[in-house]
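Asker:
Chains as they are written, first to last, in my numbering: chain A, -9 to 328; chain B, 3 to 470.
Here it is, written out as structure tokens:
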């Protein structure tokens, strides 16, 4: 396998890790508005991701850095092409990141309320924008022969991409609710699980719509149907199983299901793209292939060595960090660290 | 096209300068906090625990802003500078990716464990976490400077496929520029953290509040500040020697030298620069100084911009090759003056401390409070000199800044992002100052006494740190 293909897979893995981990962070952020009923509950909810959200975000930053290093043309075309959506994405990340730190630093209702909104907006916009980003990637974007992308509003915002965005938001929300269910006790835990059961149907509808529109609006199934049909089929089956796990209150399994569905959906984007990194809606000849976009072999070789050394170490201490904070937050002084 | 270049440059400058207010303070405070917590674990004296917690309030507020502005930093290459990204991604992207893998994961994971793990981990393991954060911040600086050093002094590459491709990673990482810039930046960062702690402690000593607590804080930070100051001076000297042979145009601009200097060369303290007529008048010179700065001996001449420009034209064809002379010249001076002042403050401070007179020397403590701002000024102008002095190149000798921008991004779009980001920078900057002032005034006695979980976690403002 050429090194550039390995890096394509590595970047896919980074985005998969990102959506699995930040997925519940986003959902938890949304839950501060939709689930928590008072300041006490909001704090417990935020606490569930307190020790980990920052590291989870690094998956995205690393994915971005890896795109830059391994596929400079992909990085350059996509990041300049998605200029305005990325500005909004960055603003959302900024306000969410500081909100966690600032929220309780000043004893004022207006202050706390402001940062609550920041947490909420900063948690609901990014999954929507990522949904839009990945759906439009496989749908095709106006990329010219010089690899420059000149997208209009409807290239970003159309039925398919909006469905993709909403699907990501809902799945993240569900994923986050189930995470809260896993990390809290008592009434909050009950309510998180109950809310998950309520959101289940709507999210399912969007998941199905998303798959249908992927079939209608992209060439993904024509080119990669042999893999994508069983993959999406698996996602639907797992989502179906989730219904029973929610009903029988199997929290760990429920959370695993939403996680797996997110992982499959993200993986499918990369399967659909292969062997391209970007698809041109202007002319198939302008599609950017993995090989076209990649760095030279020497550079890829060096980075492969670094990645294969470092990723296991990073995974090891990441898992350890979840182990350290494995206990549920009871809300009493013993377990809540701040 | 000119408009886009200008806006994209303003955007890059504002983002980078803003980001670099927080980064050095984070690097410096992480080290100081790690030292304080080590003293707590070793000496088992509660006062060091209180110190660790008090100073970490500022560290964490600051760290949060540093992290979020750092994301823009990584995105903006692709967003505003796509042609640049295509040209250098192969060699410039690699250190950024390694930085994320090696440093970002480390610092963000262990800072989470450290903040929330006070009562969950054995003391020594918990201490190891803050050291890993500190090491992470320093490694992060190394890798981003490895990338920047390539822009200043390209090494380890070959030009093929229309771009700069890496062909020698050892050459990339042994870049001479990297090994002068990295220690210089790190000492600058340690000094930033140290003089922050020094200045705040001095303020308390003036007010006679928590004297014992802040005398100890002052002692630790003064020693670090002084050592960092010395480090800055020595590595600054190494930077000048490097500049002389690798980026002589930057050196000449920093000295506003149009014609070659005399031998031995004098260092200009102050001068009137006329860029249009290419002359520098009313120089106030320190004889021999420039020769010493660049060659470590009291002889040797320095080339002027006119001759260097001619060489550039011969090598690269007709064009503009002068960096903004006044900016480079004055940034250099501001940086040197702030660095020198810090060194002086550190030395005098240590002297007074050993004579046990520092608490009574209110005039000096007042100076130390003002000294909080000096490293920030020095850091910023150091970068302005370094980046402006490299112009018109984005990668020295290989690519001009104007050729690096995204051709598909309009001036309107850049303006939109520029306004959005600067608005949010302004808000964050104000909030940081307000929160810092608030927590400085509140003082350590109001901070949670021992383990934070003893205070009611649900009361707003109940727990002093890490209120996420």
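Cβ atoms here follow ideal geometry from the backbone N, Cα and C, with glycine treated the same way.
1. For residue 11 of chain B, return the contacting residues in chain A, with the cut-off set at a CB-CB distance below 8 Å.
2. With a cut-off of 8 Å on the beta carbons, I'd call residue 241 of chain B and residue 398 of chain B a contact; round off their distance for me.
3. Only counting the same chain, and skipping five residues up and downstream in sequence, which positions put a Cβ closer than 7 Å to that of residue 92 of chain A?
4. Quick one: residues in its chain with C-beta nearer than 6 Å to the C-beta of residue 310 of chain A, no 5 flanking neighbours on either side, listed in chain order?
5. If you draw a straight line from the alpha carbon of residue 5 of chain A to that of residue 120 of chain B, how long is it in whole angstroms?
6. If you measure from the beta carbon of residue 156 of chain B to each beta carbon in chain A, is any gap under 9 Å?
7. Using a Cβ cut-off of 9 Å (strictly closer), state whether residue 177 of chain A contacts chain B.
8. Would you tell me roughly how many angstroms separate the C-alpha atoms of residue 26 of chain B and residue 202 of chain A, rounded to the nearest one?
9. For chain A, find out if any of its Cβ atoms is closer than 9 Å to the Cβ of residue 92 of chain B; answer yes or no.
10. Give me, in chain order, the residues of the same chain whose beta-carbon lies closer than 7 Å to that of residue 196 of chain A; leave out the 5 immediate sequence neighbours on both sides.
11. Taking the continuous beta strand (DSSP E) assigned at residue 269 of chain B, which residues delimit it?
12. Using a Cβ-Cβ cut-off of 9 Å, state whether residue 95 of chain A counts as contacting chain B.
13. Can you give the Cα-Cα distance for residue 162 of chain A and residue 377 of chain B, rounded to whole angstroms?
14. Measuring straight from C-alpha to C-alpha, what distance separates residue 83 of chain B and residue 67 of chain B?
15. Straight-line CA distance for residue 447 of chain B to residue 98 of chain A?
16. When you compare each of B:267, B:296, B:261 to residue 281 of chain B by their alpha carbons, which one comes out closest?
17. Let me know the alpha helix (DSSP H) ranges lying completely inside the segment 146 to 215 of chain A, each 4 residues or longer, listed in chain order.
18. Tell me the rounded alpha-carbon separation between residue 313 of chain A and residue 293 of chain B.
19. If you measure beta-carbon to beta-carbon, which residues of the segment 158 to 179 of chain B are closer than 8 Å to chain A?
20. Could you check whether the segment 250 to 266 of chain B touches the segment 202 to 209 of chain B, counting it as contact only if at least three pairs of C-beta atoms, one from each stretch, sit closer than 8 Å?
21. Using a Cβ-Cβ distance cut-off of 9 Å, determine whether residue 357 of chain B contacts chain A.
22. From the DSSP output, in three-state form, read off residue 397 of chain B for me.
23. Could you tell me the boundaries of the beta strand (DSSP E) in which residue 161 of chain B lies?
24. I need the straight-line Cα distance from residue 315 of chain A to residue 117 of chain B, nearest angstrom please.
25. Since residue 116 of chain A and residue 79 of chain A are thought to touch, with beta carbons under 8 Å apart, how far apart are those beta carbons, to the nearest angstrom?
26. Using a Cβ-Cβ cut-off of 9 Å, state whether residue 81 of chain B counts as contacting chain A.
27. Hey, residue 58 of chain A and residue 99 of chain B: beta-carbon distance below 9 Å or not?
28. Check residue 139 of chain A in the structure and name its three-state DSSP category.
29. Could you work out which residues of chain B lie near residue 209 of chain A, taking near to mean beta carbons separated by less than 8 Å?
30. Compute the distance between the beta-carbons of residue 269 of chain A and residue 129 of chain A, then report whether it is under 9 Å.
31. Since residue 70 of chain B meets chain A, which of its residues come closer than 9 Å, beta carbon to beta carbon?
32. Hey, out of B:113, B:55, B:69, whose CA is closest to residue 307 of chain A's CA?
33. Using Cβ-Cβ distances below 7 Å, what residues of the segment 392 to 410 of chain B are close to chain A?
34. Within this structure, are the beta carbons of residue 198 of chain B and residue 147 of chain B separated by less than 9 Å?
35. How is the beta strand (DSSP E) around residue 287 of chain B delimited, first residue to last?
Answerer: Working from what's here:
1. Translated into positions along the second chain, residue 11 of chain B becomes position 9. In chain order: nothing, as chain A lies at least about 16 Å away.
2. Within the second chain, the letter at position 239 stands for residue 241 of chain B. Within the second chain, the letter at position 396 stands for residue 398 of chain B. Between residue 398 of chain B and residue 241 of chain B the Cβ distance is about 15 Å, and since that is not below 8 Å, they are no contact.
3. Residue mapping note: residue 92 of chain A aligns to position 102 of the first chain, counting from 1. Closer than 7 Å at Cβ, skipping near neighbours: 105.
4. What you label residue 310 of chain A is simply residue 320 of the first chain in a count that begins at 1. Around residue 310 of chain A: no qualifying Cβ.
5. On the first chain, residue 5 of chain A is found 15 positions in, with the first residue counted as 1. On the second chain, residue 120 of chain B is found 118 positions in, with the first residue counted as 1. So the alpha carbons of these two residues sit roughly 31 Å apart.
6. In the second chain, residue 156 of chain B corresponds to position 154, counting from 1. For residue 156 of chain B, the answer is no, since every Cβ of chain A falls outside 9 Å of its Cβ.
7. Here residue 177 of chain A refers to the residue found at position 187 when the first chain is read from its first residue. False, the Cβ-Cβ gap to chain B never drops below 9 Å.
8. Taking the second chain and counting its residues from 1, one reaches residue 26 of chain B at position 24. Taking the first chain and counting its residues from 1, one reaches residue 202 of chain A at position 212. Computed Cα separation, rounded: 50 Å.
9. Translated into the one-based positions of the second chain, residue 92 of chain B becomes position 90. True, the Cβ-Cβ gap to chain A drops below 9 Å.
10. Mapped onto the first chain, residue 196 of chain A falls at position 206. Cβ within range, chain order: 153, 156, 157, 160.
11. Taking the first residue of the second chain as 1, we reach residue 269 of chain B at position 267. 269 to 276 is the extent of the beta strand (DSSP E) around residue 269 of chain B.
12. If you number the first chain from 1, residue 95 of chain A lands on position 105. Yes, residue 95 of chain A counts as interfacial toward chain B.
13. Reading the first chain from its first residue, position 172 is the one you call residue 162 of chain A. Reading the second chain from its first residue, position 375 is the one you call residue 377 of chain B. Looking at the two C-alpha atoms, the distance is approximately 43 Å.
14. Taking the second chain and counting its residues from 1, one reaches residue 83 of chain B at position 81. Taking the second chain and counting its residues from 1, one reaches residue 67 of chain B at position 65. Approximately 24 Å, taken between the alpha carbons.
15. By 1-based counting over the second chain, the position of residue 447 of chain B is 445. By 1-based counting over the first chain, the position of residue 98 of chain A is 108. Their Cα atoms are separated by approximately 22 Å.
16. Taking the first residue of the second chain as position 1, residue 281 of chain B is located at position 279. Out of B:267, B:296, B:261, B:261 has the C-alpha closest to the C-alpha of residue 281 of chain B.
17. Those alpha helix (DSSP H) runs which fall completely within the segment 146 to 215 of chain A and span 4+ residues are 149 to 173, 176 to 207.
18. Here the question's residue 313 of chain A lines up with position 323 in the first chain. Here the question's residue 293 of chain B lines up with position 291 in the second chain. Going by C-alpha positions, residue 313 of chain A is about 59 Å away from residue 293 of chain B.
19. 162, 163, 165, 167, 168, 169, 171
20. Flag = no, the segment 250 to 266 of chain B and the segment 202 to 209 of chain B do not touch.
21. Within the second chain, residue 357 of chain B is the residue found at index 355, counting from 1. It does not; no Cβ of chain A falls within 9 Å.
22. Here residue 397 of chain B refers to the residue found at position 395 of the second chain. Residue state, collapsed to three classes: strand.
23. Mapped onto the second chain, residue 161 of chain B falls at position 159. Run containing residue 161 of chain B: 159 to 162, per the beta strand (DSSP E) assignment.
24. The residue labelled residue 315 of chain A in the question sits at position 325 within the first chain. The residue labelled residue 117 of chain B in the question sits at position 115 within the second chain. Spanning the two alpha carbons is a distance of roughly 12 Å.
25. Position 126 of the first chain, counting from 1, holds the residue named residue 116 of chain A. Position 89 of the first chain, counting from 1, holds the residue named residue 79 of chain A. Yes, they are in contact, since the Cβ atoms of residue 116 of chain A and residue 79 of chain A sit about 6 Å apart, within 8 Å.
26. Position 79 of the second chain, counted from the first residue, corresponds to residue 81 of chain B. Closer than 9 Å to some Cβ of chain A, the Cβ of residue 81 of chain B qualifies, so yes.
27. Along the first chain, one-based indexing puts residue 58 of chain A at 68. Along the second chain, one-based indexing puts residue 99 of chain B at 97. It is a contact, given that the beta carbons lie within the stated cut-off.
28. Taking the first chain and counting its residues from 1, the one referred to as residue 139 of chain A is at position 149. Here residue 139 of chain A sits in strand by DSSP.
29. Looking up residue 209 of chain A in the first chain gives position 219. Ordered by position in chain B, no residue passes the 8 Å Cβ test against residue 209 of chain A, which lies about 24 Å from the chain.
30. For the purposes of this step, residue 269 of chain A is taken as the residue at position 279 of the first chain. For the purposes of this step, residue 129 of chain A is taken as the residue at position 139 of the first chain. Yes, the pair counts as a contact, with Cβ atoms nearer than the cut-off.
31. Start at 1 with the first residue of the second chain, and residue 70 of chain B comes out as number 68. Those are 80, 83, 84, 85, 86, 87, 88, listed as they occur along chain A.
32. Locating residue 307 of chain A in the first chain gives position 317, where the first residue counts as 1. Out of B:113, B:55, B:69, B:113 has the C-alpha closest to the C-alpha of residue 307 of chain A.
33. Flagged, chain order: 408, 409, 410.
34. The residue you call residue 198 of chain B lines up with position 196 of the second chain. The residue you call residue 147 of chain B lines up with position 145 of the second chain. Not closer than 9 Å, so no.
35. As a first step, residue 287 of chain B must be located in the second chain, where it is residue number 285. From DSSP, the beta strand (DSSP E) with residue 287 of chain B extends over 281 to 288.
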